[in-house]
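> Would you mind keeping the following structure in view while I ask a few things?
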Amino acid sequence: MGPAATADMLEKFVELRHASCDQQHIPLIVSSIPDIPDRTACLLSGGPSPYRYLERYLHMLEDAGRSVSLSHATLRIIGLMIYRTSRKRE
Numbered sequence: 039m040g041p042a043a044t045a046d047m048l049e050k051f052v053e054l055r056h057a058s059c060d061q062q063h064i065p066l067i068v069s070s071i072p073d074i075p076d077r078t079a080c081l082l083s084g085g086p087s088p089y090r091y092l093e094r095y096l097h098m099l100e101d102a103g104r105s106v107s108l109s110h111a112t113l114r115i116i117g118l119m120i121y122r123t124s125r126k127r128e
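Quick note: the sequence shown uses our numbering, first residue 39, plus one each step.
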C-alpha cells in the first residue's frame, strides 16, 4: 500500500468514526516504508523478494505494541505467492 492509499485509508477511518473530538478516534500506528522491494516485480519477473523486509517491519510494529495488523495476513499471502512462483520457474 503506497502513501496515497494510506492517506485514503486514514481519511476513511476518520470519516467513518464520526468522532466529535480527537479522543474518540481509534488509536493507529501507520508504517510507511518505501524501501521494500516491489512484490509485483518479484512475482512476475523474479525480482528481489519483499518477504524478509515485510517480516522485519512486522516485528517492528509488534515491538511498537500493535494488536491488529493487515501486514501479518499480507506477509503470509506474499510468502506463499513467492514460493509458488519460484517453484514454477524450476
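Positions of the beta carbon are idealized from the N, C-alpha and C atoms, including for glycine.
Do the CB positions of I67 and R55 come within less than 8 Å of each other?
Indexing the sequence shown from 1 puts residue 67 at position 29. Indexing the sequence shown from 1 puts residue 55 at position 17. For I67 and R55, no; Cβs fall outside 8 Å.
> Out of P72, D60 and R77, which one is the CA nearest neighbour of G85?
Taking the sequence shown and counting its residues from 1, the one referred to as residue 85 is at position 47. The closest CA to that of G85, considering only P72, D60 and R77, is found on R77.
> Rounded to whole angstroms, what's the CA-CA distance from E100 to R94? Just pull it up for me.
Counting from 1 along the sequence shown, the entry for residue 100 is found at position 62. Counting from 1 along the sequence shown, the entry for residue 94 is found at position 56. Their backbone Cα atoms lie some 10 Å apart in a straight line.
> So that I know if they touch, is there some Cβ in chain D lying closer than 8 Å to that of Y91?
In the structure shown, chain D does not exist; there is a single protein chain.
> With DSSP collapsed to three states, give me the class of D46.
As a working mapping, residue 46 is identified with position 8 in the sequence shown. In this structure, D46 counts as helix in the three-state DSSP scheme.
> Hey, could you find the ends of the alpha helix (DSSP H) A79 is sitting in?
Along the sequence shown, one-based indexing puts residue 79 at 41. Here the alpha helix (DSSP H) through A79 covers R77 to S83.
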